[in-house]
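Q: Residue numbers (my numbering): 1 to 299. Backbone N, C-alpha and C define an ideal beta-carbon position, used for all residues, glycine too.
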DNA sequence: ATGACGTCCTGCCTGC
DNA sequence: TGCAGGCAGGACGTCA
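(1) Could you work out which residue in 271, 223, 169 and 135 is closest to residue 33 when comparing CA atoms only?
(2) Grouping DSSP H, G and I as helix and E and B as strand, with all else coil, what is residue 1?
(3) Could you work out which residue in 239, 279, 256 and 212 is closest to residue 286 when comparing CA atoms only?
(4) On the DSSP bridge assignment, give the partners of residue 22 in chain order.
(5) Which two residues bound the contiguous alpha helix (DSSP H) that contains residue 112?
(6) State the start and end residues of the unbroken alpha helix (DSSP H) segment that holds residue 224.
(7) Do residue 141 and residue 78 count as a contact pair if the criterion is CB distance below 8 angstroms?
(8) Which residues in the same chain as residue 204 place their Cβ atom closer than 6 angstroms to its Cβ, once the five residues preceding and following it in sequence are excluded?
(9) Between which two residues does the beta strand (DSSP E) harbouring residue 300 extend?
(10) Taking DSSP as the reference, what is the three-state secondary structure of residue 139?
(11) Please confirm whether residue 80 and residue 46 have their CB atoms less than 8 angstroms apart.
(12) By the DSSP assignment, the alpha helix (DSSP H) with residue 260 in it spans what residues?
(13) In terms of residues, what are the limits of the beta strand (DSSP E) holding residue 34?
(14) Around the Cβ of residue 279, are there at least 16 other Cβ atoms within 10 angstroms (buried) or fewer (exposed)?
(15) Tell me which same chain residues have a C-beta within less than 8 angstroms of the C-beta of residue 272, skipping the five on either side of it?
(16) Between which two residues does the alpha helix (DSSP H) harbouring residue 171 extend?
(17) Thinking just about the alpha-carbon of each residue, which of 50, 59, 21 and 236 is nearest to the one in residue 155?
(18) Could you give the first and the last residue of the continuous beta strand (DSSP E) run that contains residue 285?
(19) Can you tell me whether residue 236 is buried or exposed? The criterion is at least 16 other CB atoms within 10 Å of its CB, across all chains shown.
(20) Within 10 angstroms of the Cβ of residue 251, are there 16 or more other Cβ atoms? Answer buried if so, exposed if not.
(21) Cβ of residue 193 within 8 angstroms of Cβ of residue 160?
(22) Along the chain, where does the beta strand (DSSP E) containing residue 208 start, and where does it finish?
(23) Just the C-alpha distance for residue 61 and residue 262, rounded to the nearest angstrom, thanks.
Here you go:
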């Protein structure tokens with residue numbers, strides 16, 4: 001599932017490919033992915049728009065557009081949240097027997113093609129595709145100010161790789177959250193820190209040697225410091241390795257992320273801990289799975 | 001107000 | 001063998 005490192009990889013790759021291009025048409029077979037406006041309006045507003053910028057906020061991708069229409073004075077933002085199985089892909093496809101098939105041979109010759117549900121046709125002959133097996137992805141188009149004021153962006157917590165995210169700030173945030181929740185749940189709460197999901201919360205807690213069940217308000221200074229440093233370290237390393245493809249993340253060209261190979265705990269149940277050799281355990285926290293080393297992660 | 005749980009969706013895996 | 005049922009999971013809505 002795309003978390004901060006995967007979304008960052010996607011955004012940085014797309015930046016090199018699609019800035020300056022125009023969207024000349026749109027196709028979908030799953031209009032429900034577009035939460036607003038209606039697909040009809042969506043298509044009308046986006047046709048002819050020029051892609052000016054692409055950025056990330058939490059796990060959201062923001063594509064900044066300059067509309068063609070003179071009646072639309074405001075700039076637009078296309079917000080895409082890939083949720084669990086969404087992929088933004090860049091390439092060219094042709095419709096063959098009811099499904100989109102890559103026009104050229106390459107890494108895109110994979111399952112992801114089968115699940116393309118939204119396509120933007122660009123003025124260089126290429127396409128930007130949203131592939132999504134489970135159709136959970138969320139797409140919203142609207143004027144810049146409106147999108148920036150959406151609750152889903154406004155309520156997001158601090159960016160963990162921002163310079164403003166200092167240890168003092170982290171400590172303050174955690175201590176301001178008088179929550180009886182487990183640290184894993186707090187790390188995954190997007191309104192506290194944005195961008196961390198199930199994979200990296202497990203990886204961070206293993207790195208920090210903290211049990212996922214540990215209650216966040218009970219963490220002492222030393223433990224908080226360990227978690228803080230692990231957040232920075234793990235996310236930075238994952239970005240460098242272009243993300244994790246344990247479920248099915250692919251970059252815009254269909255390539256896998258390499259963090260998968262060096263992950264410590266996520267989906268490694270029964271396999272040895274790289275620190276102490278104990279078998280990695282899997283437990284449930286609020287309906288979600290959590291992987292950890294029962295020996296070196298302390299409650 | 002806080003936290004727990006159900007919901008969306010579909011491929012894959014398990015077990016009878 | 002075949003098929004029903006469970007599981008995976010981010011974020012939001014609902015409920016206690």
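A: According to the structure data:
(1) Walking along the first chain from the start, residue 33 turns up at place 33. The candidate whose alpha carbon is nearest that of residue 33 is 135.
(2) In the first chain, the residue the question calls residue 1 occupies position 1. Note: residue 1 maps to coil in three-state DSSP.
(3) Your numbering for residue 286 matches position 286 in the first chain. Out of 239, 279, 256 and 212, 212 has the C-alpha closest to the C-alpha of residue 286.
(4) Against the first chain, residue 22 aligns to sequence position 22. DSSP output for residue 22 lists 50 as bridge partner(s).
(5) Your numbering for residue 112 matches position 112 in the first chain. It is not in any alpha helix (DSSP H) - residue 112 carries neither H nor E in the DSSP assignment.
(6) One-based indexing of the first chain puts residue 224 at position 224. 221-240 is the span of the alpha helix (DSSP H), which, as asked, contains residue 224.
(7) Here residue 78 refers to the residue found at position 78 of the first chain. Here residue 141 refers to the residue found at position 141 of the first chain. Their beta carbons are under 8 angstroms apart, which means residue 78 touches residue 141 by this criterion.
(8) Counting from 1 along the first chain, the entry for residue 204 is found at position 204. So the qualifying residues of the chain are 230, 231 and 234.
(9) Nothing in the structure corresponds to residue 300, since the chain is present only between 1 and 299.
(10) Position 139 of the first chain, counted from the start, is the residue given in the question as residue 139. In the structure shown, residue 139 sits in a strand (DSSP, three-state: E or B).
(11) On the first chain, residue 80 is found 80 positions in, with the first residue counted as 1. On the first chain, residue 46 is found 46 positions in, with the first residue counted as 1. For residue 80 and residue 46, no; Cβs fall outside 8 angstroms.
(12) One-based indexing of the first chain puts residue 260 at position 260. Residue 260 -> alpha helix (DSSP H) spans 259-262.
(13) Working through the first chain from its first residue, we reach residue 34 at position 34. Segment 34-36, the beta strand (DSSP E) holding residue 34.
(14) Stepping through the first chain from its first residue, residue 279 is reached at position 279. By the 10 Å Cβ count, residue 279 comes out exposed.
(15) As a working note, residue 272 is residue 272 in the first chain. Hits under 8 angstroms: 278, 279 and 280.
(16) The sequence position of residue 171 within the first chain is 171, counting from 1. Element bounds for residue 171: 167-176.
(17) Taking the first residue of the first chain as position 1, residue 155 is located at position 155. Per the Cα distances, 59.
(18) Walking along the first chain from the start, residue 285 turns up at place 285. Note, residue 285: beta strand (DSSP E), 281-285.
(19) The residue labelled residue 236 in the question sits at position 236 within the first chain. Classification of residue 236: exposed, given that the 10 Å Cβ count is below 16.
(20) For this step, residue 251 is matched to residue 251 along the first chain. Classification for residue 251: buried.
(21) Residue numbering aside, residue 193 sits at position 193 when the first chain is read from its first letter. Residue numbering aside, residue 160 sits at position 160 when the first chain is read from its first letter. Taking 8 angstroms as the Cβ cut-off, residue 193 and residue 160 qualify as a contacting pair.
(22) What you label residue 208 is simply residue 208 of the first chain in a count that begins at 1. Run containing residue 208: none in the beta strand (DSSP E); it sits in the alpha helix (DSSP H), 198-208.
(23) Sequence index remark: in the first chain, residue 61 carries index 61 (1-based). Sequence index remark: in the first chain, residue 262 carries index 262 (1-based). Cα to Cα, residue 61 sits roughly 26 angstroms from residue 262.
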